[in-house]
Amino acid sequence: MKKTYFIWLAIHCVVWALAFLGFPPSLNEGRLASICLFFIILFILPLFTEKLMVQSILFCIQALATIVIFYPLDQVFNPYVLLIQALIIAEAVFYLSRLKSLVVIGVQLGSMTWIITESSLTASQLAWCGLFYLLLVSAMLHYQAIRKREIDTRKKNDALLDEYRKMKRQLLTEEEQARQDERMLIGHEIHDSVGHKLTALIMQFEAFRLTAAEKDKEKIKNLKALAEQSLKETRRAVRSFKEREVGGLQGVIRLIRKLEMESFMKINFSVKHGAFAAPLTGEQSFAIYRAVQEALTNIMKHSSTREAQVMFESPGGSIFRFEVINLTAPDPFFQEGYGLKAMRNRLEKVGGSLEIHHDERQFVVRGSMRLIERSEPYD
């Protein structure tokens, strides 16, 4: 809206500068007041963007003001009045609905008819003015119809896109719930079968140890310890089945895949050097996801392509690195914005760092963080 308004204002300034060449050297008070009223309305129009009725009234007042401004006192017709009234009609068609724009066009044609009848025009000049307005109104109304169809089509496409995204989110939610239900079922089966049998085996080892010979008790004790260790690992596995799989690199990739489907991007993943086994904490996983998300958002905003390379690696198991690469046009005025600064701060809070590299061919975001070795608790 802002850019469009300044374009209209620039055109008005050019046309009015030419129109003033056709005015007499001295202007009466009525013309000066009408010119001031015309430009006041021109400047306050952006204040009523959402109020179409007020805009319609203002356009009609502008049309009536042209009668006073260009009234042929000496029966001399100023041809630039055609361009000024054409601008009013074009603005009305651009901003208003069909019915309201027709009202403005009617007022405009009435004021123009009055000016023409008070001027001493030849038959050919009258015919030329009539043809000008006929072609102008026809072209404007045709443009309005095409623009209305485009707006309706855009609204339908937006509605379909929203529905598509809702269906995708619902599908992902249902798939995740089905996967979680399956994990719960497997966990229950392991707990009910393997867990109970291991518990019974431990009890039998203990009973056998009490009645066994002294030389066999150490072996039985070791076997019992092995069974207890197996039971603990089984319980730990059951707990992991019951928990939602939101942490680690798998969770990060799943969230990015969801973003990929919703934003219609093509993301090529590359996982290297033990990245899947990296012991990422919840805070680190969230920071990595947000960093990659911000990098992909920048691609959608500033890049002409919708394809990116995302690489994860954990060399040596002590450092985790990620890299987002996007082919882009050269930009000598690149500067970090709020999103990239927030990304850097978020990574630094979890002991990481961020590097941004921009050259003539690609835009690269690199992040790294030191991993914290976590010991797994036993029951």
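Okay, so the sequence shown: first residue is -9 according to the working numbering, each after it adds one. Idealized CB from N, CA, C, for every residue including glycine.
Practice task
Could you please give me the residues that DSSP links to Phe353 through a beta bridge?
Solution key: Residue mapping note: residue 353 aligns to position 363 of the sequence shown, counting from 1. Paired residue(s): Asn316 and His348.
Exercise for the section: Quick one: measure Cβ to Cβ for Pro36 and Tyr(-5), integer angstroms, because I've assumed they're closer than 8 angstroms. Expected result: Here the question's residue 36 lines up with position 46 in the sequence shown. Here the question's residue -5 lines up with position 5 in the sequence shown. Contact between Pro36 and Tyr(-5) is confirmed by a C-beta separation of about 5 angstroms, below the 8 angstroms threshold.
Practice task
Note down, one range per segment and in chain order, each alpha helix (DSSP H) of at least 4 residues found wholly within the segment 41 to 76.
Solution key: Counting whole runs of 4 or more residues, the segment 41 to 76 contains the alpha helix (DSSP H) stretches 42 to 59.
Practice task
Determine which residues share a DSSP beta bridge with Phe310 and list them.
Solution key: On the sequence shown, position 320 is the one that residue 310 refers to. Looking at the DSSP assignment, Phe310 forms a beta bridge with Met359.
Practice task
Pull up the distance between the alpha-carbon of Arg169 and that of Arg226, whole angstroms please.
Solution key: Mapped onto the sequence shown, residue 169 falls at position 179. Mapped onto the sequence shown, residue 226 falls at position 236. If I take the Cα positions, the gap works out to 19 angstroms.
Handout entry: For Ile243, the nearest candidate out of Asn258, Ser253 and Thr287 (CA to CA)
Key = Residue mapping note: residue 243 aligns to position 253 of the sequence shown, counting from 1. Selected option, being the one with the closest Cα: Asn258.
Handout entry: Sequence-distant residues of the same chain with beta carbon closer than 7 angstroms to Leu8, five excluded per side
Key = Here residue 8 is taken as the residue at index 18 of the sequence shown, counted from 1. Result list for Leu8: Tyr70, in chain order.
Exercise for the section: Measure the Cβ-Cβ separation of Ile392 and Val127 and say whether it is below 8 angstroms. Expected result: What is shown of the chain runs -9 to 369, which leaves residue 392 out entirely.
Practice task
Report the three-state DSSP secondary structure of Glu108 (helix, strand or coil).
Solution key: Start at 1 with the first residue of the sequence shown, and residue 108 comes out as number 118. Glu108: coil per DSSP, three-state reduction.
Handout entry: Residue burial classification, Tyr123 (beta-carbon count within 10 angstroms, cutoff 16)
Key = Taking the sequence shown and counting its residues from 1, the one referred to as residue 123 is at position 133. So Tyr123 ends up on the buried side.
Handout entry: CB contact check: Val354 to chain C, cutoff 8 angstroms
Key = The displayed structure is made up of one protein chain only, and chain C is not part of it.
Exercise for the section: Can you grab the Cα-Cα spacing for the pair Met301 / Ile315, in whole Å? Expected result: Taking the sequence shown and counting its residues from 1, the one referred to as residue 301 is at position 311. Taking the sequence shown and counting its residues from 1, the one referred to as residue 315 is at position 325. Rounded to the nearest angstrom, the two C-alpha atoms are 9 angstroms apart.
Exercise for the section: Just the C-alpha distance for Leu286 and Gln240, rounded to the nearest angstrom, thanks. Expected result: As a first step, residue 286 must be located in the sequence shown, where it is residue number 296. As a first step, residue 240 must be located in the sequence shown, where it is residue number 250. Approximately 18 angstroms, taken between the alpha carbons.
Practice task
Below 6 angstroms CB to CB, which residues in the same chain sit around Ser260 once its five sequence neighbours on both sides are set aside?
Solution key: On the sequence shown, residue 260 is found 270 positions in, with the first residue counted as 1. Hits under 6 angstroms: Met301.
Problem - Where the beta strand (DSSP E) through Met301 begins and ends - result: Along the sequence shown, one-based indexing puts residue 301 at 311. Looking at the DSSP string, the run of the beta strand (DSSP E) that includes Met301 is Glu297 to Glu303.
Problem - The beta strand (DSSP E) enclosing Ser260, as first and last residue numbers - result: Mapped onto the sequence shown, residue 260 falls at position 270. Lys256 to Lys262 is the span of the beta strand (DSSP E), which, as asked, contains Ser260.
Problem - Where Gln219 falls, given that 16 or more other Cβ within 10 Å makes a residue buried - result: Stepping through the sequence shown from its first residue, residue 219 is reached at position 229. When all chains shown are included, Gln219 counts as exposed.
Handout entry: Bridge partners - Gly342, DSSP secondary structure assignment
Key = Here residue 342 refers to the residue found at position 352 when the sequence shown is read from its first residue. Answer by DSSP bridge pairing, in chain order: Met359.
Exercise for the section: Specify the secondary structure class of Tyr368 as computed by DSSP and reduced to three states. Expected result: As a working note, residue 368 is residue 378 in the sequence shown. Only weak support is given to the placement of Tyr368: the predicted model assigns it a pLDDT of 34, under 50, and the value that follows is read from those uncertain coordinates. In the structure shown, Tyr368 falls within a coil segment according to DSSP collapsed to helix, strand and coil.
Exercise for the section: Could you tell me whether the Cβ atoms of Glu338 and Arg356 are closer together than 8 angstroms? Expected result: Here residue 338 is taken as the residue at index 348 of the sequence shown, counted from 1. Here residue 356 is taken as the residue at index 366 of the sequence shown, counted from 1. Going by C-beta atoms, Glu338 is not nearer than 8 angstroms to Arg356.
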